[in-house]
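Have a look at the structure below, then the notes.
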Amino acid sequence: MCTLTPKFPSKQQEWYSASTMEYPWLQSQVHSFSPTLHFPSFLYPLDDSKSHNINLHHMSLSHSNNTNSNNNNYQEEDRGAVVLEKKLNHNASERDRRRKLNALYSSLRALLPLSDQKRKLSIPMTVARVVKYIPEQKQELQRLSRRKEELLKRISRKTHQEQLRNKAMMDSIDSSSSQRIAANWLTDTEIAVQIATSKWTSVSDMLLRLEENGLNVISVSSSVSSTARIFYTLHLQMRGDCKVRLEELINGMLLGLRQS
Numbered sequence: 204m205c206t207l208t209p210k211f212p213s214k215q216q217e218w219y220s221a222s223t224m225e226y227p228w229l230q231s232q233v234h235s236f237s238p239t240l241h242f243p244s245f246l247y248p249l250d251d252s253k254s255h256n257i258n259l260h261h262m263s264l265s266h267s268n269n270t271n272s273n274n275n276n277y278q279e280e281d282r283g284a285v286v287l288e289k290k291l292n293h294n295a296s297e298r299d300r301r302r303k304l305n306a307l308y309s310s311l312r313a314l315l316p317l318s319d320q321k322r323k324l325s326i327p328m329t330v331a332r333v334v335k336y337i338p339e340q341k342q343e344l345q346r347l348s349r350r351k352e353e354l355l356k357r358i359s360r361k362t363h364q365e366q367l368r369n370k371a372m373m374d375s376i377d378s379s380s381s382q383r384i385a386a387n388w389l390t391d392t393e394i395a396v397q398i399a400t401s402k403w404t405s406v407s408d409m410l411l412r413l414e415e416n417g418l419n420v421i422s423v424s425s426s427v428s429s430t431a432r433i434f435y436t437l438h439l440q441m442r443g444d445c446k447v448r449l450e451e452l453i454n455g456m457l458l459g460l461r462q463s
C-alpha cells in the first residue's frame with residue numbers, strides 16, 4: 204500500500220521552508236536546538252499536551268485518594284463490627300448474670316415462711332427478711348433441742364422406774380403362779396411388755412400374732428431370776444393408725460401363752 208501524503212504542505216512546513224530558504228543561516232540554528240524541545244504540532248498542540256499531562260496526574264491522585272478512602276471505609280466498618288460484637292457479647296453476659304441472680308433470689312425466697320412468700324417481696328426486702336429470719340430460726344432450733352433433751356431424760360427416768368417396779372413385782376410373784384404379764388407405755392406409740400413364766404416357752408407364735416395386729420416388734424430379750432423364773436422383755440411399736448389397749452394386749456398374750 205502506498206502512503207497517503209497531503210497534497211499541500213502544512214502551515215508548519217511552509218513556515219519552516221520559507222524561513223530556511225530566505226534565511227539560510229537559520230537552518231544551522233534550527234539543527235543546533237536541543238532534541239528535547241517540543242514543538243507544537245497540528246495533532247498535539249503544546250498547550251493541549253501540558254493539559255493532558257496535568258489531567259493524567261490529577262486522575263492518578265484521584266484514584267489514590269479513592270483507594271485511601273475505600274481503605275479507611277473498610278477499616279471503619281471493621282472497627283464498627285468489632286464494637287458491635289463486643290456490645291452483643293456484653294449484653295448476652297449481662298442477661299445470663301441477671302438470670303442466675305434471679306434464680307438465686309428465688310431459691311432464697313423459697314426458704315422463708317409461706318406467709319412471706321405470698322407477699323412477693325422485692326429483692327432488697329427479701330434479703331432483709333432473710334437476715335432477720337436466720338437468727339430467729341437458730342434460736343428456735345436451740346429451744347427445740349433443749350426440749351428434746353428434756354423429754355428424752357423424762358422418758359428414760361420413767362422407763363427405768365417402771366422396769367424396776369415391774370422387776371420387783373415379778374420377783375415377788377409366787378412360784379405357784381405359772382405366768383404373769385405386765386405392759387407399760389414408753390411413748391405414744393411404743394410399749395414395753397414383760398412376761399414372767401416358770402418354764403421356757405416359745406413366743407414365736409405370739410410375736411407373729413402381734414405383727415398381724417399392727418404391732419412391730421423392735422426387740423426381744425430373755426433372762427432368768429434367782430427363783431428360776433424366766434422373764435421375756437418385748438419392745439413393741441404401733442404401726443400407722445393402730446389403736447391398742449394394754450388390757451386387751453395383756454389378755455391376748457396370756458391366752459397365747461396358755462395355748463402354747
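So that you can map any letter, position 45 of the sequence shown is 248 in the numbering used here, and since no number is skipped, the others follow by simple counting. Ideal Cβ positions, reconstructed from N, Cα and C, are used throughout, including at glycine.
Pairing R332 with Q278, the inter-Cα distance amounts to about 54 Å. In this structure A386 is in contact with L449, their Cβ atoms being roughly 5 Å apart against a cut-off of 8 Å. The Cβ atoms of I398 and I421 do not sit closer than 8 Å to each other. Counting only runs that start and end inside the segment 288-366, the alpha helix (DSSP H) elements of at least 4 residues fall at 317-321. Per DSSP, reduced to three states, the secondary structure at R442 is coil, with no helix or strand assignment. Separation of R346 and K356 (C-alpha to C-alpha, rounded to the nearest whole angstrom) is 16 Å.
Taking C-alpha positions only, S359 is separated from A395 by approximately 13 Å. A contact between stretches requires three or more CB pairs, one per stretch, nearer than 8 Å, and the segment 408-420 meets this requirement with the segment 434-441. Counting every other CB atom within 10 Å of its CB across the protein chains shown gives L307 a total below 16, marking it as exposed. Scanning its chain for C-beta atoms nearer than 7 Å, with the 5 sequence neighbours on each side dropped, one finds around L389 the residues I358, T362, A395, in chain order.
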